Amino acid sequence: TVGCVVVDSQGHCAAATSTGGLMNKMVGRIGDSPLIGSGTYACDICAVSCTGEGEAIIRGTLARDVAAVMEYKGLDLQEAVDFVIGKRLDKGKAGLIAVSSKGEVTCRFNSVGMFRACAAEDGYMEVGIW
Amino acid sequence: MGGWAIAVHGGAGVDPNLPKDRQEQATRLLTRCLQIGISALRSSLPAIDVVELVVRELETDPFFNSGRGSALTEKGTVEMEASIMDGADRRCGAVSGVTTVKNPVSLARLVMDKSPHSYLAFSGAEEFAKQMGVEMVENDYFITSDNVGMLKLAKEANSILFDYRIPLESCGAAAVENPPLHMNGLPISVYAPE
């Protein structure tokens, strides 16, 4: 699975996710990536793209949950991402990338690693696997 | 306002024994795609255009599990899916079960922009793709020899796997000698990193 999340200079957020799914999957299997709210979500607060065990991400409505806890619990982006990965994955392994309308960017995963790269206008840049 | 920001991912659940050269290949690809996004943001492209642009690039490179290089179904074919969402007005588009569309994320964008719906799947998505005139290819364009090998392994293990590419020395007998981490009930060594 691959994904991208962006907040532009106007503060508008967007997210996109694309995948081939699981190796040896049944024909017709649909995972989390095309399900808005599970693998992908964006609103006026943040944008999120998820990857990992699709069925666990679906059960946890992971992408939407990040936005929901920011909106209803008042958490900032990092707190929301930590909460969702820590509490909402139901023993599944997954990761996500997220940006906020304030220009924050973060990623979090509970798997062994996640291929990711982040950058911000203030010069921050990180590329990592582990 | 905090300025622009961007993040890109190529999948989770990486084999801890991924060879150095594969790690370097992955980081080079991620860096290249990140730079494409950064250039687009510096050119004041809106967020929705930037995410589509970057994911198209990731779909075209066969390294990760999307577009070319996608995981295979039990029948050895490719079925892809993608979604895109614009946070400004929460418009969204998604496709599933696409088999001949070169860039599924762009088809998802067209569902969002040019159809009255949010999600199209299988034959309906393919028909919409033809109507929209997107670039279409044969299904075998997306199939790589690495993935044919991984499907064979998966069938031998009688399992459904995350599509992660692994070095051969990290599976089979070598994996048995060093008790593996587990994910989804299966040893991490049978997963190939994306």
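Chains A and B, in that order, are what the protein sequence lines are. Residue numbering for the first sequence follows our numbering, starting at 1 and increasing by one per position. Residue numbering for the second sequence follows our numbering, starting at 1001 and increasing by one per position. All C-beta atoms, glycine included, are put in the ideal place defined by N, C-alpha and C. Owing to the predicted nature of the structure, the values given are computational and were not obtained by experimental measurement.
In the same chain as A/Gly21, and ignoring 5 residues on each side of it, the C-beta atoms closer than 7 Å to its own belong to Arg29 and Gly31, in chain order.
For B/Thr1027, the residues of chain A that pass the 9 Å Cβ criterion are Phe115, Ala117, Val127, Gly128 and Ile129, in the order they occur in the chain. The three-state reading of DSSP puts B/Ser1106 in helix, counting H, G and I together. For the pair B/Cys1092 and A/Ser49, the Cα-to-Cα distance works out to about 13 Å. When secondary structure is reduced to three states using DSSP, B/Glu1074 falls in the coil class, being assigned neither helix nor strand. For B/Val1050, the C-beta contacts it makes with chain A under 8 Å involve Cys4, Val6, Asp8 and Ala14, in order along the chain. Scanning chain A for C-beta atoms nearer than 8 Å to the C-beta of B/Thr1031 yields Ala117 and Val127, reported in chain order.
Taking the Cβ atoms as the reference, A/Val105 lies roughly 17 Å from A/Phe83, outside the contact range of under 8 Å.
Here B/Phe1128 has Leu1120 as same chain residues with Cβ atoms under 6 Å from its own Cβ, once five neighbours each way along the sequence are excluded. For the region 39-59 of chain A, the residues whose beta carbon sits under 7 Å from a beta carbon of chain B are, in order, Gly39, Thr40, Tyr41, Ala42, Cys43, Asp44, Ala47, Ser49, Thr51, Gly52 and Glu53. Within the region 1052-1077 of chain B, the residues whose Cβ lies closer than 8 Å to some Cβ of chain A are Glu1052, Val1054, Val1055, Leu1058, Glu1059, Phe1064, Asn1065, Ser1066, Gly1067, Gly1069, Ser1070, Ala1071, Leu1072, Thr1073, Glu1074, Lys1075 and Thr1077, listed in chain order. With fewer than 16 other beta carbons inside 10 angstroms of its own, B/Arg1090 counts as exposed. Using a CB distance cut-off of 8 Å, A/Val27 counts as an interface residue toward chain B. Leaving aside the five residues that flank A/Ala16 on each side, the residues in its chain whose CB is nearer than 6 Å to its CB run, in chain order, Cys4.
Residue pairing by DSSP places A/Ala14 opposite A/Val6 and B/Asp1086 in a beta bridge. At a Cβ-Cβ threshold of 8 Å, B/Val1105 and A/Ser101 do not count as neighbours.
Within the model, the alpha-carbon separation for B/Thr1077 versus B/Glu1057 is close to 22 Å. For B/Pro1104, the neighbours in chain A by C-beta distance under 8 Å run, in chain order, Ser18.
Of all C-beta pairs linking the region 1066-1086 of chain B to the region 1024-1038 of chain B, fewer than three are shorter than 8 Å, placing the two stretches out of contact. Counting only runs of at least 3 residues, the region 1011-1057 of chain B fully encloses no beta strand (DSSP E) element at all. Around the CB of B/Gly1149, fewer than 16 other CB atoms lie within 10 Å, so the residue is classed as exposed.
Close to A/Gly31, with beta-carbon spacing below 9 Å, are these residues of chain B in chain order: Glu1081 and Ser1096. B/Met1150 reaches chain A at Met23, counting residues in chain order whose Cβ is nearer than 7 Å. In this structure A/Met114 is buried. Its beta-carbon is surrounded by 16 or more other beta-carbon atoms within 10 angstroms. Along the region 86-97 of chain A, the positions whose C-beta sits under 9 Å from a C-beta of chain B are Gly92, Lys93, Ala94, Gly95, Leu96 and Ile97, read in chain order. The C-beta of B/Arg1042 has fewer than 16 other C-beta atoms within 10 Å across all chains shown, which makes the residue exposed.
Sequence-ordered contacts of the region 1127-1155 of chain B with chain A read Phe1142, Asn1147, Met1150, Leu1151, Leu1153, Ala1154 and Lys1155 [C-beta pairs closer than 9 Å].
Residue contact with chain A for B/Ser1043: absent (no Cβ-Cβ distance below 8 Å to any residue of chain A). Linking B/Val1051 to A/Leu96 through their CA atoms gives a straight-line distance of about 15 Å.
Listed along chain A are Cys4 and Val6, each with a C-beta nearer than 7 Å to that of B/Gly1037. Here the alpha carbons of B/Val1055 and A/Leu77 stand approximately 23 Å from one another. Ranking B/Pro1046, B/Gly1003, B/Gly1002 and B/His1009 by CA distance to the CA of A/Arg108 puts B/His1009 first. Using a Cβ-Cβ distance cut-off of 8 Å, the region 1066-1073 of chain B and the region 1139-1159 of chain B are in contact, since at least three pairs of beta carbons, one from each stretch, lie closer than that value.
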